[in-house]
Amino acid sequence: VNLGALKTIGAAGTGRGPVDPDSLLRPAAAGAAAVPVDPPAIDGAAAEPAASHTYDVVITGGRVMDPASGYDAMASVGIDGERVTAISADVLAGRRTIDATDRVVAPGFVDILSYEPNDYGIWYKIADGVTTNLAMHGINARAADFFERFAGEGSPCHYGGAYDNPFARDRLGIGVEEAATASQLDELAADVAQQLADGWIGLDFEPEYTPGIEIGEMARLAEVGAEVGAAAYFHGRFSTDVEPGTNADTLAEILAVARRSGAGVHVQHIISTGGTFTMARSLATLQAAVDDDDLDVTACMYPYNSWATTLASARFSAGWEERFHITYEDLQVPGTGQRVTEASFDDLQRDNVLVAAYAIPDDDVVTCLRSPLVMLGSDAILEPGDNNHPRSTGCFTRLLGRYVRDRSVLDLMTALGKMTIMPARRVEAAAPAMARKGRLQRGADADVVVFDPRTVTDTSTVDDPARFSTGMDHVLVLGQVVQGPGGRQDQTVRPGRPITATST
4 VNLGALKTIG
14 AAGTGRGPVD
24 PDSLLRPAAA
34 GAAAVPVDPP
44 AIDGAAAEPA
54 ASHTYDVVIT
64 GGRVMDPASG
74 YDAMASVGID
84 GERVTAISAD
94 VLAGRRTIDA
104 TDRVVAPGFV
114 DILSYEPNDY
124 GIWYKIADGV
134 TTNLAMHGIN
144 ARAADFFERF
154 AGEGSPCHYG
164 GAYDNPFARD
174 RLGIGVEEAA
184 TASQLDELAA
194 DVAQQLADGW
204 IGLDFEPEYT
214 PGIEIGEMAR
224 LAEVGAEVGA
234 AAYFHGRFST
244 DVEPGTNADT
254 LAEILAVARR
264 SGAGVHVQHI
274 ISTGGTFTMA
284 RSLATLQAAV
294 DDDDLDVTAC
304 MYPYNSWATT
314 LASARFSAGW
324 EERFHITYED
334 LQVPGTGQRV
344 TEASFDDLQR
354 DNVLVAAYAI
364 PDDDVVTCLR
374 SPLVMLGSDA
384 ILEPGDNNHP
394 RSTGCFTRLL
404 GRYVRDRSVL
414 DLMTALGKMT
424 IMPARRVEAA
434 APAMARKGRL
444 QRGADADVVV
454 FDPRTVTDTS
464 TVDDPARFST
474 GMDHVLVLGQ
484 VVQGPGGRQD
494 QTVRPGRPIT
504 ATST
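Position 111 of the sequence shown, counted from 1, bears residue number 114 in our numbering, the numbering being contiguous throughout.
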């Protein structure tokens, strides 16, 4: 994946504590190295309208930031219909004007590792700045059925997802501990081709939860995906530094699939699977595969010190305490203050309760965030009536508030790149519509966020995950205002479109 301007303008923050919040309102110094002066435009964009033109929407007075090009300036943004049609230092006239004074104006965020949207959780995504919800961890449905259903329901966010290998194996009666037979593999390969044609834009593999799957199966199916530009997304087999079965084995398997198939590969939530306790070494392995072997490798993470899964999952098989360097008291039932105990564990496991596991060292979070291969992905969407992890509601604003402003782990442009252009580029070979997303450029889709960098933050916690992020003044999807000042949402506005191989 071409990281573009992120290779030159992005930089780690000092990590020395809070930055001056007001400094986040000011563009990089004019004429600074690699900071373009001219407003950017996507290839083939129409010329900027005449000076007398009246735009549908004008966003004025803000710090306009486009990580794809590095553009960073005080400017106005003109929108006509669904597209950005001007970025200019001049005063623009609009039928509707949004005052972005003391605000940052940026591309809408792309959550590359969400789940199937629901009409409850998706509004928390909007409050977190997400305008494209991609379930690249796989969707347990046939593509045609999924897109037909959402065409009727509507969504404030764009939506799409990946072919779910565990779901497909289960439909063929392949047990989680079983390898696919030759005939079953032929069926799976044909199914992958059909499901990608019907709308999925990637392939999801989960060796931790389907331990019978072999490299040969994953490589064969990934090769089918590679023919149409679809990458393979991996929930890896192991996540520990304890033998047998370590992070090194996880990454070796994923990279073997890349070499055998020619497909791009993406390590899902490396912060919890494939990197925990060995993050620097794990990231160095991936970087070497890119630099030395020219493989197409990326990863994603969420900026939290806990992961979450259900107690009946394979992750909590015998030996989990040693593998993850935790004990019962490090497990909490989200949505409550309840910590698990040795006495309560069996009953909770029998009920397959979701738990948050405080098993991610802070150093791993910081190291992971600073890797140029790692983008942001929440690995969650809030489900009504269920206990949930706060990453489902606050992942993106948490990065901006806690890791950019409060701790200066990253500079603002790099952080924005990890939630806009990086995920857009990861999927755009399989989904042409993504070539107009993750960018704030003339000709791009008008998916735009306007936020106060001095106050933007997550408010959700493990105790109370169903809390809206704050600081997102405006969220526009295809030029329509879905959220306005004070977090006011218009839930009748549902401009989201499907993201498929054929959507444009």
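For glycine and all other residues, C-beta sits at the position ideal for the given N, C-alpha and C.
CA-to-CA distance, residue j to residue i, given in whole angstroms
{"i": "Leu224", "j": "Thr253", "result": "18 Å"}
{"i": "Gly34", "j": "Gly219", "result": "Interpretation of Gly34 is limited by its pLDDT of 47, a score under 50 that renders its predicted location unreliable; the figure taken from the coordinates is listed afterwards. Each residue's alpha carbon lies about 52 Å from the other."}
{"i": "Ser506", "j": "Gly277", "result": "33 Å"}
{"i": "Tyr166", "j": "Thr288", "result": "27 Å"}
{"i": "Arg240", "j": "Gln352", "result": "21 Å"}
{"i": "Glu246", "j": "Phe327", "result": "12 Å"}
{"i": "Leu95", "j": "Ala54", "result": "8 Å"}
{"i": "Arg491", "j": "Ala433", "result": "34 Å"}
{"i": "Pro120", "j": "Tyr361", "result": "26 Å"}
{"i": "Asp75", "j": "Ser117", "result": "29 Å"}
{"i": "Ser309", "j": "Ser472", "result": "19 Å"}
{"i": "Ala222", "j": "Ile90", "result": "44 Å"}
{"i": "Ser275", "j": "Asp382", "result": "11 Å"}
{"i": "Ala283", "j": "Leu379", "result": "18 Å"}
{"i": "Arg99", "j": "Pro42", "result": "22 Å"}
{"i": "Leu6", "j": "Asp354", "result": "Residue confidence is low: Leu6 scores 48 on pLDDT, short of 50, so the model does not pin down where it sits. Its coordinate-derived value is still stated next. Approximately 44 Å, taken between the alpha carbons."}
{"i": "Val452", "j": "Val407", "result": "17 Å"}
{"i": "Leu443", "j": "Thr249", "result": "41 Å"}
{"i": "Trp126", "j": "Ala315", "result": "29 Å"}
{"i": "Gly441", "j": "Pro159", "result": "16 Å"}
{"i": "Ala418", "j": "Ser186", "result": "46 Å"}
{"i": "Tyr162", "j": "Pro501", "result": "5 Å"}
Buried or exposed by the 16-neighbour rule on C-beta atoms within 10 Å, applied to residue i
{"i": "Asn168", "result": "buried"}
{"i": "Pro488", "result": "exposed"}
{"i": "Gly388", "result": "exposed"}
{"i": "Ser285", "result": "buried"}
{"i": "Arg439", "result": "buried"}
{"i": "Thr458", "result": "exposed"}
{"i": "Ala147", "result": "exposed"}
{"i": "Asp350", "result": "exposed"}
{"i": "Glu256", "result": "buried"}
{"i": "Thr495", "result": "exposed"}
{"i": "Asp2", "result": "Any answer about residue 2 is impossible in this case: the structure gives the chain only from 4 up to 507."}
Extent of the continuous alpha helix (DSSP H) to which residue i belongs
{"i": "Gln444", "result": "No alpha helix (DSSP H) contains Gln444, which DSSP labels as neither H nor E."}
{"i": "Ser395", "result": "Arg394 to Arg401"}
{"i": "Ser79", "result": "It is not in any alpha helix (DSSP H) - Ser79 instead sits in the beta strand (DSSP E) that spans Tyr74 to Asp83."}
{"i": "Gln486", "result": "Here Gln486 belongs to no alpha helix (DSSP H); instead the beta strand (DSSP E) covers Gln483 to Gln486."}
{"i": "Thr417", "result": "Leu415 to Lys421"}
{"i": "Met425", "result": "Ile424 to Val430"}
{"i": "Val478", "result": "Per DSSP, Val478 belongs to no alpha helix (DSSP H); it is in the beta strand (DSSP E), Met475 to Val480."}
{"i": "Met437", "result": "Careful: Met437 lies outside any alpha helix (DSSP H) and carries neither H nor E."}
{"i": "Tyr2", "result": "As displayed, the chain neither begins before 4 nor continues past 507, which places residue 2 out of reach and without an answer."}
Cβ shell of residue i (< 6 Å), same chain only, five flanking positions each side left out
{"i": "Ala302", "result": "Val270, Ile273, Leu376 and Val377"}
{"i": "Gly157", "result": "Arg497"}
{"i": "Arg470", "result": "Thr462 and Ser463"}
{"i": "Ile62", "result": "Val80, Ile101, Ala103 and Val108"}
{"i": "Gly267", "result": "Ala234 and Asp299"}
{"i": "Gly232", "result": "Ala432 and Ala433"}
{"i": "Val368", "result": "Pro306"}
{"i": "Glu345", "result": "Tyr331"}
{"i": "Gly65", "result": "Ala103, Arg106 and Val108"}
Which residues DSSP lists as bridging residue i, in chain order
{"i": "Trp310", "result": "Ala360"}
{"i": "His161", "result": "Thr135"}
{"i": "Tyr58", "result": "Gly97"}
{"i": "Phe280", "result": "DSSP output for Phe280 lists no bridge partner at all."}
{"i": "Gln492", "result": "Gln486"}
{"i": "Arg145", "result": "DSSP, once it has assigned bridges, lists no residue as partnering Arg145."}
Sequence-distant residues of its chain with Cβ nearer than 7 Å to residue i (five each side left out)
{"i": "Ile82", "result": "Tyr58, Asp59, Val60, Thr88, Ala449 and Gly482"}
{"i": "Ser374", "result": "Leu286"}
{"i": "Asp194", "result": "Ala171"}
Span of the beta strand (DSSP E), counted from its first residue to its last, around residue i
{"i": "Asp114", "result": "Phe112 to Asp114"}
{"i": "Phe237", "result": "Ala234 to Phe237"}
{"i": "Gly205", "result": "Gly205 to Phe208"}
Cutoff 8 Å; reference residue i; Cβ partners in own chain excluding five residues on either side
{"i": "Gly47", "result": "Gly446"}
Near the ligand HEM: residue i beta-carbon under 7 Å from a heavy atom
{"i": "Arg152", "result": "Only the bare structure without any ligand can be found here, which leaves the ligand HEM out of the picture."}
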